[in-house]
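Each remark here refers to the structure printed beneath this line.
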Amino acid sequence: MAPDLLTAENLQSGYGRIPILFGISLSIAEGEFIGILGHNGMGKSTLLRTLMGHIVPTGGSIHLAGRDVTRASPAARSRAGIGYVPQGRQIFPALSVMDNLRVGAAHQSPKQAKAIIDQVIEDLPRLKPILSRAGGVLSGGEQQILALARCLCAHPKLILLDEPTEGIQPSIIEEMKDTLKALARSRNLSILLVEQNLEFISDLATRVLVIKRGQLSGEIDPAKLHDADLAGEFLPA
Amino acid sequence: MTLSTFCRASGTHVALAAVAMLAAIVIFPKVAPLYTLINVTLYMSMGVFALSLALLWGYGGILCFGQSAFFGLGAYAYAIAAINFGDTTLASAFAIGIPALFAAGLGYFLFYGRLSDVYLGVITLTVTLILFKLINSTGGDAWRIGEARLGGFNGIPNTPLLTMPFTGIPLSPANLFTLACIALFATYALCKRLITTRFGRAVIAVRENEVRAELLGYNARRLKLAIFVISAGIAGLAGLLFANSVFVSPTMFSLSMAAQVLIWVVVGGLGTLFGPVAACFALQIAAAALGKLGLIDPNIVLGLVLVVFVVFVPGGIQPALAALLARILTPPRGSPGHMREEAAR
Chain A
1 MAPDLLTAEN
11 LQSGYGRIPI
21 LFGISLSIAE
31 GEFIGILGHN
41 GMGKSTLLRT
51 LMGHIVPTGG
61 SIHLAGRDVT
71 RASPAARSRA
81 GIGYVPQGRQ
91 IFPALSVMDN
101 LRVGAAHQSP
111 KQAKAIIDQV
121 IEDLPRLKPI
131 LSRAGGVLSG
141 GEQQILALAR
151 CLCAHPKLIL
161 LDEPTEGIQP
171 SIIEEMKDTL
181 KALARSRNLS
191 ILLVEQNLEF
201 ISDLATRVLV
211 IKRGQLSGEI
221 DPAKLHDADL
231 AGEFLPA
Chain B
1 MTLSTFCRAS
11 GTHVALAAVA
21 MLAAIVIFPK
31 VAPLYTLINV
41 TLYMSMGVFA
51 LSLALLWGYG
61 GILCFGQSAF
71 FGLGAYAYAI
81 AAINFGDTTL
91 ASAFAIGIPA
101 LFAAGLGYFL
111 FYGRLSDVYL
121 GVITLTVTLI
131 LFKLINSTGG
141 DAWRIGEARL
151 GGFNGIPNTP
161 LLTMPFTGIP
171 LSPANLFTLA
181 CIALFATYAL
191 CKRLITTRFG
201 RAVIAVRENE
211 VRAELLGYNA
221 RRLKLAIFVI
231 SAGIAGLAGL
241 LFANSVFVSP
251 TMFSLSMAAQ
261 VLIWVVVGGL
271 GTLFGPVAAC
281 FALQIAAAAL
291 GKLGLIDPNI
301 VLGLVLVVFV
311 VFVPGGIQPA
321 LAALLARILT
331 PPRGSPGHMR
341 EEAAR
């Protein structure tokens, strides 16, 4: 069994005085692909944002490769190896695709950055013909791929993916699925995926955790997500 | 235009600017009357001032209402150091260093205090007005730093002119014009280069989306502080040139000076460098002409120009002209040129 890369214990956080997470404990092993499932407003995105340091936890602890990062800034966590692809992509629209990638390779030497960017473009060939285009003029699917590519440029060990299929056309979802599978395998990446697309999550995740009212309420076998009754429970009304 | 294509084009822009600068240095002092030469030197110093805010606001996304504080500080630092040390080369370093240091202190509290853009604007404006009031109240013998009397609202009329290094010979108006040309070109080239470096890309990323940039591992506060300090240093350099073209006075800290530079950047085009310099020249020439006519207060016209641009040309002169040029140069739909372009795409 691979060692744990990230461990969160009794994690609590929220927005101002409104608590959202009520003591979440989870661990992600190296190379593990975990899916998080839950209805809207249950704390899925808040969990990712807390793990990334965008929201400071009110309780509990987060360790990355044995190092306590509970109070570390998002920048420090990024440098430590956590990558985050937020909901809505949030690419830099005024920068070209290439510049978005360069910005992603923030902490590499110019030589390393070039090698990493070349590798990322090779892994995500859809970006190759659009490198000089502004991020803001890309389609939703291309922007999502760019967001993933930009995250990879920082050379992360763990990627936090927040609803990557939202508003994306089916052909690109399939392409993204294949890409994520290949990347996780070739780079031994750990991935924590928050998603409402059950087929996407069941095809990729090795474990699926269910979040309910800010707490992890159970685990589902990914294969069972194809079951219509079970699926109906998690699909948005 | 994307940043990459912009970077490719920037080499041409800088080369063109260099040619224009060389032509101006060689020809202008020989043909222009002294009054015009001094006036254009003054416009050049203001052009450097415009670049300081164009870089900070246009690329750093930081709307500083008090850029004139750094401008004035640069001029006063130069005058005080030159009077006390006698050496204007060292004083020039003070003109750039003191505003940069002041910006580092002020910026630390602004950015590390996580103040929002609105508060940042209000505080920088307040600091400028405090300095304006303070300098205005420094009349009398008690207000002096070493040998330099601050002079209250009269300013420091005996500001020593820049001298040739190692010789002590004061620069002639033609020499000052050449220096101002070189300073404007060097600042323009520096800003152009800066925005294409890793640091520049990171600053633009912070402007685009601060949270996202932080999540990618950038220290947004440090980057904002750095660009704030660089911009203050450039404003200080503009103050130094201004002090040598006219003289040092509290009006450098005034509200109208703070507003003028904002108008140049808005009219020239936010997110551009050439535009604000062009707007600075055009509006100053227009204001001088209006002032001569005496029919209307130039400040009213300046305000109207701002309103017109905000409403009708929100992108500013440079992007509007670029779009117009692109429209003229683009072959009409269905023409052989258009078909060739489509095929190439």
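Residue numbers (full-length UniProt numbering), protein chains in the order written: chain A, 1 to 237; chain B, 1 to 345. A virtual CB, placed ideally from N, CA and C, is assigned to each residue, including glycine. Note that the structure is a prediction, hence the values are computed from the model and not measured.
CA-CA distance, residue i and residue j?
| i | j | result |
| --- | --- | --- |
| residue 2(A) | residue 28(A) | 10 Å |
| residue 206(A) | residue 215(A) | 20 Å |
| residue 325(B) | residue 319(B) | 10 Å |
| residue 20(A) | residue 149(A) | 30 Å |
| residue 7(B) | residue 19(B) | Note that residue 7(B) has pLDDT 45, beneath the 50 cutoff, so the model's placement of it is unreliable and the number below is only indicative. When rounded, the distance between both Cα atoms is 19 Å. |
| residue 36(B) | residue 290(B) | 16 Å |
| residue 162(A) | residue 16(A) | 22 Å |
| residue 92(B) | residue 171(B) | 14 Å |
| residue 46(B) | residue 182(A) | 56 Å |
| residue 102(B) | residue 70(B) | 8 Å |
| residue 173(B) | residue 132(B) | 29 Å |
| residue 5(B) | residue 285(B) | No answer about residue 5(B) holds up, because its pLDDT of 47 lies below 50 and its placement is not dependable. |
| residue 301(B) | residue 69(A) | 57 Å |
| residue 2(B) | residue 60(B) | Any answer about residue 2(B) is weak, because its pLDDT of 43 lies below 50 and its placement is not dependable; what the coordinates show is given next. Roughly 17 Å between the two C-alpha positions. |
| residue 192(A) | residue 48(A) | 8 Å |
| residue 211(B) | residue 112(B) | 14 Å |
| residue 311(B) | residue 263(B) | 13 Å |
| residue 137(B) | residue 152(B) | 5 Å |
| residue 285(A) | residue 210(A) | In the structure as shown, chain A starts at 1 and stops at 237, and residue 285(A) therefore has no counterpart that could be examined. |
| residue 57(B) | residue 224(B) | 11 Å |
| residue 299(B) | residue 32(B) | 27 Å |
| residue 247(B) | residue 281(B) | 20 Å |
With C-beta atoms as the reference, is residue i less than 8 Å away from residue j?
| i | j | result |
| --- | --- | --- |
| residue 324(A) | residue 43(A) | Past the edges of chain A, shown from 1 to 237, lies residue 324(A), and the structure says nothing about it. |
| residue 109(A) | residue 215(B) | no |
| residue 90(A) | residue 209(B) | yes |
| residue 229(B) | residue 54(B) | no |
| residue 35(A) | residue 201(A) | yes |
| residue 224(A) | residue 38(A) | no |
| residue 240(B) | residue 74(B) | yes |
| residue 276(B) | residue 50(B) | yes |
| residue 160(A) | residue 83(A) | yes |
| residue 146(A) | residue 127(A) | yes |
| residue 243(B) | residue 100(B) | no |
| residue 156(B) | residue 104(B) | no |
| residue 171(A) | residue 5(A) | no |
| residue 88(B) | residue 163(B) | yes |
| residue 273(B) | residue 316(B) | no |
Quick one: give me the first and last residue of the alpha helix (DSSP H) that residue i is part of.
| i | result |
| --- | --- |
| residue 114(A) | 110-123 |
| residue 60(B) | Taken as a continuous stretch (DSSP letters only), residue 60(B) belongs to no alpha helix (DSSP H), as it is neither H nor E. |
| residue 136(B) | 117-136 |
| residue 272(B) | That residue, residue 272(B), is in no alpha helix (DSSP H); it is neither H nor E in DSSP. |
| residue 181(A) | 170-187 |
| residue 78(B) | 67-85 |
| residue 33(B) | Note, residue 33(B): premise wrong, no alpha helix (DSSP H); not H, not E. |
| residue 173(B) | 173-194 |
Terminal residues of the continuous beta strand (DSSP E) containing residue i?
| i | result |
| --- | --- |
| residue 219(A) | 215-220 |
| residue 58(A) | No beta strand (DSSP E) holds residue 58(A); DSSP gives it neither H nor E. |
| residue 132(A) | No beta strand (DSSP E) contains residue 132(A), which DSSP labels as neither H nor E. |
| residue 10(A) | 4-15 |
| residue 317(B) | Where residue 317(B) is concerned, there is no enclosing beta strand (DSSP E), although the alpha helix (DSSP H) it sits in stretches over 317-329. |
| residue 140(B) | Per DSSP, residue 140(B) belongs to no beta strand (DSSP E) and is neither H nor E. |
| residue 207(A) | 207-212 |
| residue 91(A) | Neither: residue 91(A) is in no beta strand (DSSP E) and is coded neither H nor E. |
**OP:** Check whether the region 204-220 of chain B touches the region 72-88 of chain B, taking contact to mean three or more Cβ pairs, one atom from each stretch, closer than 8 Å.
**Re:** no
Original post:
Using a Cβ cut-off of 9 Å, which residues of the region 195-217 of chain B contact any Cβ in chain A, in chain order?
Top reply: 198, 201, 202, 204, 205, 207, 208, 209, 211, 212, 213, 214, 215, 216 and 217
**OP:** Quick one: which residues of the region 7-29 of chain A get their C-beta closer than 8 Å to a C-beta of chain B? List them in chain order.
**Re:** none
**OP:** Check each residue of the region 96-111 of chain A: if its Cβ is closer than 7 Å to any Cβ of chain B, include it; give the result in chain order.
**Re:** 96, 98, 99, 102, 103, 104, 106 and 107
**OP:** Answer yes if the region 123-131 of chain A comes into contact with the region 236-255 of chain B, meaning at least three C-beta pairs across the two stretches below 8 Å, and no otherwise.
**Re:** no
Subject >> Near-chain B residues of the region 145-173 of chain A - C-beta to any C-beta below 9 Å >> reply: 150, 151, 153 and 154
**OP:** Give a yes or no on contact between the region 90-105 of chain A and the region 166-173 of chain A, applying the rule of three or more CB pairs nearer than 8 Å.
**Re:** no
**OP:** May I ask you to verify whether the region 165-185 of chain B touches the region 117-129 of chain B, counting CB pairs closer than 8 Å and requiring at least 3?
**Re:** no
Original post:
Using Cβ-Cβ distances below 7 Å, what residues of the region 111-129 of chain A are close to chain B?
Top reply: none
**OP:** Name, going along the chain, the residues of the region 67-79 of chain A whose beta-carbon falls closer than 9 Å to a beta-carbon of chain B.
**Re:** 73, 74, 75, 76, 77, 78 and 79
Original post:
Are the region 53-73 of chain A and the region 131-141 of chain A in contact at 8 Å, needing three or more beta carbon pairs?
Top reply: no
Original post:
Along the region 219-230 of chain B, what residues have a CB closer than 7 Å to any CB found in chain A?
Top reply: 219
Original post:
Along the region 28-61 of chain A, what residues have a CB closer than 7 Å to any CB found in chain B?
Top reply: 52 and 54
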